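Residue numbers (the UniProt record's numbering): 1 to 65.
Glycine included, C-beta positions come from ideal geometry on N, C-alpha and C.
In this text, all values refer to a predicted model and were calculated from it rather than measured experimentally.
Some notes on the structure that comes next.
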């Protein structure tokens, strides 16, 4: 069964949320964000490094807040 969620955020955060949501909508963005966060937390629990490789071949480790 679907659940509703109410979230408080700044106007700046809300504008970013709308921009990121795009045509897929807010619900889709939140679902993707939850899945991504779960994946990252699982990787961190396994002491994995999360790396970003740029087009130029440079690699940086993702620093999580």
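{"Item": "Residue 7, DSSP secondary structure in three states", "Value": "coil"}
{"Item": "Cα-Cα separation between residue 14 and residue 58, rounded to whole angstroms", "Value": "32 Å"}
{"Item": "Presumed contact (8 Å Cβ cut-off) between residue 51 and residue 65, rounded CB distance", "Value": "With a Cβ gap of about 17 Å, residue 51 and residue 65 do not count as contacting."}
{"Item": "C-alpha distance - residue 18 paired with residue 25, whole-angstrom precision", "Value": "8 Å"}
{"Item": "Distance between residue 30 and residue 44 (C-alpha atoms, nearest Å)", "Value": "21 Å"}
{"Item": "Residues that residue 152 bridges to, as DSSP identifies them", "Value": "Nothing about residue 152 can be reported from this structure: the residues present for the chain run from 1 to 65 only."}
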